[in-house]
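Which chain is which? The protein sequence lines are A and B, in order.
One point on numbering: in the working numbering, the residue at position 141 of the first sequence is 163, and numbering is uninterrupted.
One point on numbering: in the working numbering, the residue at position 40 of the second sequence is 972, and numbering is uninterrupted.
Where a beta carbon is used, it is the ideal one built from N, C-alpha and C, also for glycine.
None of these values were measured; they are calculated from a predicted model.
Data first, discussion second: the structure below is written as structure tokens.
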Amino acid sequence: MATEATGEAEAAVGMPQLDFSSWPNQIFWLLVTLVVIYLVLSRIALPRIGAVLADRKSTITNDLAAADELKQKAVEAEKAYNDALASARTEAAKIVAAAKAEIQKDLDAATAKADAEISAKAAESEKTIAAIRDGAAAAVAEVARDTAAELVAALGGSVDAKTVTAAVSARLKG
Amino acid sequence: MATTDEAAGGLQIHPMDQFIVKPLFGDGPIEWYTPTNVTLWMAIAVLAMVALLVLSTRRRAIVPSRGQSVAELFYGFIHKMVEDVAGHEGLKFFPYVMTLFMFVFLSNILGLIPMSFTTTSHIAVTATLALLVFFTVTIVGFVRKGPGFLAMFWVSSAPLALRPILAMIEVISYFVRPLSHSIRLGGNLMAGHAVIKVFAGFAGAMGVASVVPIAAIVAIYGLELLVASVQAYVFTILTCVYLRDAVGEAHH
């Protein structure tokens, strides 16, 4: 068997590549192979891989665009939040100011009313005091008159009511 | 076999035996239709291609599996090469170029399996591939550009006196293309495999000292892996360069 193979190899040309008797066979099977590979590639493999790559590319592009959009939205939301916060602050400040003003007004009104009451009371008191003082003066004059008359009578003088009254009045005035 | 060699009294290595085309069944003559080891290994290449590019991509995943990544890598690599070298017009020939690349690449790699048969080490195969490219380029060039295709031989940027000489050189180099295209591939593959076989023969004959040739085989095997890929790449990129003559702008 081994010698047979050796004999065959020696019988053939040195290089099997140059043994032209096998060329038609090789070329035929090569062409068959190439046609099969070409058909498989162009019908199935290449369109499929190309579609997958295109799909992936568009997916990535879409995702990036979506991410951009979301980022934009987030920025807008933050801005809206800040705006809302600022307007809420001014609103609060306005409300505080209004409340303060109202309280001030109430306070002023109450103060004025109290002042008025106080002054009214003071006037009344003065009037009462004046009346009391007048009453007191009158009483003093009467007492003085009576006392003077009694004193005069006690000292043995004759009591002339008119004279005593005039004298007491002159004394009180003086 | 080894005993026979030793009985013959010398180191008998048959580095070229691995390239013999044999019928798969029986021992008859090799007709053009006979299924041979060529048929077998080409069929295996087709199956490998289907596994690599069709089965691995059947899920069409947006996030690719490992197999699909490899398929996409091959697709992107060749697609970019065709687009960069042959131009945008050349993309019509992308399936054609991809066919050549996948066949040459897979045959080269499969040929490195021990006991396998390397179809691309045969001039018959590489010459057919190169002639296919040659005729494709020539026919497409004339169909697309008409007689204007001949302008690529007339180097308009050179001084007028030199142009006829340059034209002759260009024409000769144009017709030498299929020869260099095919012999570069076939020769590289054949030489590498023959060297591995020679070293393997040494290893069989040297007893304990055979670690040296075995180490050499390991090193050469690594080199041959590189050669297998690089030659497939070179064959494909040259195809693209030639296609540019046919479809692209004049570049001389």
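Contact check for T1058 of chain B and S1112 of chain B: beta-carbon distance about 11 Å, past the 8 Å limit, so the pair fails to qualify. With respect to chain A, the C-beta atom of H1020 of chain B has no partner C-beta closer than 8 Å.
Straight across, the Cα-Cα distance linking F1134 of chain B with L1157 of chain B is about 21 Å. With distances taken between CA atoms, Q48 of chain A lies nearest to B:P967 out of B:V1108, B:G958 and B:P967. Sorting B:E963, B:L1082, B:E1004 and B:P961 by C-alpha distance to the C-alpha of G72 of chain A places B:E1004 at the top. Taking a Cβ-Cβ cut-off of 8 Å, the neighbours of G1118 of chain B in chain A comprise Q39, given in sequence order. For W1086 of chain B, there is no enclosing alpha helix (DSSP H), as DSSP marks it with neither H nor E. The Cβ-Cβ distance between A1141 of chain B and S1039 of chain B does not fall below 8 Å. Between I59 of chain A and M1034 of chain B, the C-beta gap is smaller than 8 Å, which places the two residues in contact. Per the C-alpha coordinates, the member of B:Y1007, B:P961, B:F951 and B:A975 positioned closest to L63 of chain A is B:Y1007.
Setting aside the 5 residues that flank it on each side, I82 of chain A has no residue in the same chain whose C-beta is closer than 7 Å to its C-beta.
As the crow flies, the alpha-carbon of V1127 of chain B is around 44 Å from that of R1095 of chain B. Using beta-carbon distances, E1004 of chain B counts as an interface residue toward chain A, with a partner under 8 Å. Counting only runs of at least 4 residues, the stretch 1003-1073 of chain B fully encloses the following alpha helix (DSSP H) elements, listed from N- to C-terminal order: 1026-1042. Contact of Q48 of chain A with chain B by beta-carbon distance below 7 Å involves V953, V970, H1054, A1056 and V1057.
Around the beta carbon of A145 of chain A, a 10 Å sphere encloses fewer than 16 other beta carbons of the protein chains shown; the residue is thus reported as exposed. The CB of R70 of chain A comes closer than 7 Å to the CB of T989 and R992 in chain B, given here in chain order. One finds T55, L56 and I59 in chain A with Cβ atoms closer than 8 Å to the Cβ of F1035 of chain B, taken in chain order. Check the Cα spacing between S80 of chain A and each of B:I962, B:D959, B:G960 and B:I994: the tightest is with B:I994. Per DSSP, reduced to three states, the secondary structure at T966 of chain B is coil, with no helix or strand assignment.
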